[in-house]
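Going by my numbering, the first residue of the sequence shown is number 163, and it counts up by one from there.
Even for Gly, the Cβ is constructed at its ideal location relative to N, Cα and C.
Every value quoted in this text rests on a predicted model; they were computed, and no experiment measured them.
A quick write-up on the structure given underneath.
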Amino acid sequence: MGVRKRQMAEKIKAEKKQIAFAKLNNCPTSPRKMRIVADLIRGVQVEKALAILKFNSKEASGRLEKLLLSAIANWQAKNEDADIEGADLFVKEIRVDSGTMLKRLRPAPQGRAHRIRKRSNHVTLVLGSNNNIES
Numbered sequence: 163m164g165v166r167k168r169q170m171a172e173k174i175k176a177e178k179k180q181i182a183f184a185k186l187n188n189c190p191t192s193p194r195k196m197r198i199v200a201d202l203i204r205g206v207q208v209e210k211a212l213a214i215l216k217f218n219s220k221e222a223s224g225r226l227e228k229l230l231l232s233a234i235a236n237w238q239a240k241n242e243d244a245d246i247e248g249a250d251l252f253v254k255e256i257r258v259d260s261g262t263m264l265k266r267l268r269p270a271p272q273g274r275a276h277r278i279r280k281r282s283n284h285v286t287l288v289l290g291s292n293n294n295i296e297s
């Protein structure tokens, strides 16, 4: 029983070493606008994803590019002995969830007011590796 648990723990630890993630919280962009850019890089190789984000004209692409670079740095910190080219990294998962909403009031005709919702979002980016790296 103890041996089996240890083997499962080692297997899970090896799987965790192959993935890295980065989070961006309370980004002041609406989730809908961020998802348009996030859909472009989902499941794409890291080098290609960086190129897509670099040359995309949307504001959200700059924020996602910085987040992707952070996730790559996190992967390098986990796997100091491995090189990125040999790892064949790709965007395994990218999730855009809505964050807190700032609610404001804008004056409207005849003494009324319209509610303005300034949206924000949380982005979670997970990198995966195609190659099995044994250390």
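Once you ignore the five residues that flank His284 on each side, which residues in its own chain have a CB closer than 6 Å to its CB? Within the sequence shown, residue 284 is the residue found at index 122, counting from 1. These residues qualify, in order along the chain: Asn187, Asp259, Gly261.
Could you tell me if Ser219 is buried or exposed, where buried requires 16 or more neighbouring beta carbons within 10 angstroms of its beta carbon? The residue you call residue 219 lines up with position 57 of the sequence shown. Exposed is the call here.
Following the continuous alpha helix (DSSP H) through Ile234, name the residue where it begins and the one where it ends. The sequence position of residue 234 within the sequence shown is 72, counting from 1. Residues 221-240.
Burial state of Val165, where buried means 16 or more other Cβ atoms lie within 10 Å: As a first step, residue 165 is located in the sequence shown; it is residue number 3 there, counting from the start. Per the 10 Å Cβ criterion, exposed.
What did DSSP end up calling Arg281 once you bin it into helix, strand or coil? Position 119 of the sequence shown holds residue 281. In the structure shown, Arg281 sits in coil (DSSP, three-state: anything other than H, G, I, E or B).
Which same chain residues, not among the five before or five after Gln207, have their C-beta less than 6 Å away from its C-beta? Along the sequence shown, read from residue 1 onward, the residue named residue 207 stands at position 45. Taken in chain order, the residues that qualify are Phe252.
Rounded C-alpha distance that separates Lys289 from Gln272: Within the sequence shown, residue 289 is the residue found at index 127, counting from 1. Within the sequence shown, residue 272 is the residue found at index 110, counting from 1. Looking at the sequence provided, one finds Leu at residue 289 rather than Lys. In a straight line, the C-alpha of Leu289 is about 53 Å away from that of Gln272.
For Met263, tell me which candidate among Ile234, Gly205, Ser282 has the shortest Cα-Cα distance. Residue mapping note: residue 263 aligns to position 101 of the sequence shown, counting from 1. Measuring from the Cα of Met263, the nearest candidate turns out to be Ser282.
Residue environment, Ala133, which counts as buried when at least 16 other CB atoms sit within 10 Å: Since the first residue shown for the chain is 163 and the last is 297, residue 133 is missing from the structure and cannot be characterised.
Ile246 - containing alpha helix (DSSP H), residue span: Along the sequence shown, one-based indexing puts residue 246 at 84. Start and end: 246-249.
Pairwise C-alpha distance: Ile214 and Lys179: For the purposes of this step, residue 179 is identified with residue 17 of the sequence shown, where counting begins at 1. For the purposes of this step, residue 214 is identified with residue 52 of the sequence shown, where counting begins at 1. Those two C-alpha atoms are separated by around 26 Å.
When you compare each of Ala176, Ala222, Lys167, Met170 to Asn293 by their alpha carbons, which one comes out closest? By one-based count along the sequence shown, residue 293 stands at place 131. Closest option to Asn293, Cα to Cα, is Ala176.
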